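For reference, the structure discussed in these notes is given below.
Chains as they are written, first to last, in my numbering: chain B, 2 to 216; chain X, 2 to 216.
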């Protein structure tokens, strides 16, 4: 019998680090505007801005929708402040390892059940470089490393997003909200069977190489 | 007896994706200048720029020094073009999985021996958000996931760089070349025992939050 209790989001380390990179002389204004518009997380998010990126940790369920909603609000506000200009956002999603790189989480908790993420379309075209890493899959053997990734890529292909394989990553193209819904959902789903799951995103909006194609 | 041959760097997928994010209206000029100054890799690197990032794959040994040198030249050239302005670079290093996220590399190769990376000081202060992920460590059991990371962090602490733990990452501060030497070396070293190793870096130079402290 498994009598382990599910960990709460803070203990389990369900959160993200993100950084905004407006390609603009006015970058400080864009970043401060976006952070102010995104709000303080209504007491369910722990937000701490450092010299390179901002940490956002979920402190209560539902963790995944709160994180996804916060990120979409932040990137959306920064994109509006850029008014069609080029904005890149980098995001690291993590679950199952609250600290530094060293995983000190013991086997005393059952894996938490993720909450579903559903986002309204944002009306923003984005290119997203997507990498998903199941870690601590040792107990399940080699197969466990591949299967959740294959399922995630299959889910991407079914999502309506444009999906292009690349070296070391998968490229997604489509509405920002739809892309975030996919990456948060697949990251959460892998977390049902793998204790530590990390996802890295590079989100590009308004890149000249794209906007020139449409001009 | 292990009669497997070491894979060559291209077969084994030793490479990186990087993207430059100059916080400047003049970002296109900065990026194109940096790419031009970094050169074409002298025939030992396969370079391909996409809509979100540039892929750089090693095609011959010594792979790791060629990649590290190319990245240092590129970031250095972009920083000079920014003339003290704020520049962020994102880097994904990967070895052991040449394709998309799905690892299709079979057990037919012995792990390649990494070449040592040694870089001259760059004279550029950098804040580096550093994440190191050993993947496909299933056969070695749980311990193998932690030990290489613990060794890498210990090596960072001995390096002379300022090392600060953070949620989901380790923050390094110091000379850009010294930080790159550390992250390339530790990534390579983990690759001696773990087939697939990924490292993500967010490199921040000239951030106002740092330069104001020195003003």
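The beta-carbon is built from N, C-alpha and C at its ideal position, and this holds for glycine as well.
Source: prediction; values computed, not measured.
Under the three-state DSSP convention, the category residue 35 of chain X falls into: Looking at residue 35 of chain X - three-state DSSP - the assignment turns out to be helix.
Handout entry: Cβ-based burial, residue 114 of chain B [other Cβ within 10 Å; buried from 16]
Key = Counting every other CB atom within 10 Å of its CB across the protein chains shown gives residue 114 of chain B a total below 16, marking it as exposed.
- request: Give the straight-line distance between the Cα atoms of residue 142 of chain B and residue 34 of chain X, rounded to the nearest whole angstrom.
  value: Caution is warranted here: a pLDDT of 43 is assigned to residue 142 of chain B, below 50, making its placement in the model unreliable, and no coordinate value can be reported.
Exercise. Alpha carbon to alpha carbon, what distance is there between residue 112 of chain X and residue 193 of chain X?
Worked result: 6 Å
Worksheet item: From residue 16 of chain X to residue 149 of chain X, what does the alpha carbon distance come to, in whole angstroms?
Response: 20 Å
Q) How big is the Cα-Cα spacing for residue 128 of chain B and residue 175 of chain B? A) 7 Å
Proximal chain X residues relative to residue 191 of chain B, where beta-carbon distance stays under 8 Å: Against chain X, the beta carbon of residue 191 of chain B has no neighbour under 8 Å; the closest one sits roughly 11 Å away.
DSSP on residue 181 of chain X, reduced to helix/strand/coil? helix
query: Taking the C-alpha atoms as reference points, what is the distance between residue 234 of chain B and residue 47 of chain X?
result: Residue 234 of chain B is absent from the model: chain B starts at 2 and stops at 216.
Note down the Cα distance separating residue 195 of chain B from residue 135 of chain B, rounded to an integer number of angstroms.
Each residue's alpha carbon lies about 6 Å from the other.
Practice prompt. Identify every residue that forms a DSSP beta bridge with residue 174 of chain X.
Written response: X/128, X/163
query: Using a beta-carbon distance below 8 Å, is residue 170 of chain B in contact with chain X?
result: yes
field: Contacts that residue 26 of chain X makes with chain B (C-beta to C-beta distance below 9 Å)
entry: 24, 25, 26, 27, 86
Compile a chain-ordered list of the residues in the region 148–180 of chain X whose CB is closer than 7 Å to at least one CB of chain B. 150, 151, 154, 166, 167, 168, 169, 170, 171, 172
Beta-carbon of residue 199 of chain X versus every beta-carbon of chain B: anything under 8 Å? yes
* To do: Could you tell me whether the Cβ of residue 136 of chain X comes closer than 8 Å to any Cβ of chain B?
  => yes
ask   = Mind checking whether residue 116 of chain X and residue 63 of chain X have CB atoms under 8 Å apart?
value = Cβ distance < 8 Å, so residue 116 of chain X and residue 63 of chain X count as in contact.
Tell me, please, whether the CB atom of residue 77 of chain B is closer than 8 Å to any CB atom in chain X?
-> For residue 77 of chain B, the answer is no, since every Cβ of chain X falls outside 8 Å of its Cβ.
If I measure Cβ to Cβ from residue 76 of chain X and keep anything under 6 Å in the same chain, skipping five residues before and after, which residues do I get?
Taking residue 76 of chain X as the centre and dropping the five residues before and after it, the same chain places the C-beta of 90 closer than 6 Å to its C-beta, in chain order.
Check: Are the C-beta of residue 130 of chain X and some C-beta of chain B separated by less than 8 Å?
Finding: yes
- [ ] Quick one: list the residues of chain B neighbouring residue 194 of chain X, beta-carbon separation under 7 Å, in chain order.
- [x] Near residue 194 of chain X there are no residues of chain B at all, since even the closest Cβ is about 13 Å away, more than 7 Å.
- [ ] Would you check if the distance between the CB atom of residue 71 of chain B and the CB atom of residue 123 of chain B is smaller than 8 Å?
- [x] no
**Item:** Whole-Å CB distance - residue 99 of chain B paired with residue 13 of chain B, under 8 Å assumed
**Value:** 7 Å
Near residue 119 of chain X, which residues of its chain fall below 8 Å by C-beta distance, leaving aside the five closest residues on each side in sequence? These residues qualify, in order along the chain: 66, 182.
Practice problem: Could you work out which residues of chain B lie near residue 56 of chain X, taking near to mean beta carbons separated by less than 8 Å? | Solution: 167, 168, 169
- [ ] Would you give the residue range spanned by the alpha helix (DSSP H) that residue 59 of chain X belongs to?
- [x] First-last for residue 59 of chain X: 55–59, but that is the beta strand (DSSP E), not the alpha helix (DSSP H).
_Contacts of residue 91 of chain X in chain B (Cβ-Cβ under 7 Å)_ = 91, 203
Cut-off 6 Å between Cβ atoms - residues of its own chain near residue 61 of chain X, not counting five sequence neighbours on either side: Only 45 meet the Cβ criterion.
- Query: Considering only residues of the same chain and omitting the five flanking positions on each side of residue 208 of chain X, which have a CB-CB separation below 6 Å?
  - Reply: 87
Compute the Euclidean distance between the alpha carbons of residue 165 of chain B and residue 97 of chain X, then round it to the nearest angstrom. 20 Å
TODO: Please check the pair residue 82 of chain B and residue 206 of chain B, which I expect to be a contact at CB under 8 Å, by giving their CB distance rounded to whole angstroms.
DONE: The C-beta distance from residue 82 of chain B to residue 206 of chain B rounds to 12 Å, too long to meet the 8 Å contact threshold.
Within a Cβ cutoff of 6 Å, which residues of the same chain sit near residue 189 of chain B, ignoring the five residues on either side of it in sequence? 65, 115
Output, in sequence order along the chain, the residues in the region 45–70 of chain X whose CB is closer than 7 Å to any CB in chain B. 51, 52, 53, 54, 56, 58
* Indicate the three-state DSSP secondary structure (helix, strand or coil) for residue 193 of chain B in the structure shown. => coil
Beta-carbon proximity check, residue 132 of chain X vs residue 130 of chain B, cutoff 8 Å: no
*Hey, residue 201 of chain B and residue 201 of chain X: beta-carbon distance below 8 Å or not?*
Residue 201 of chain X sits close to residue 201 of chain B, with the two beta carbons spaced by under 8 Å.
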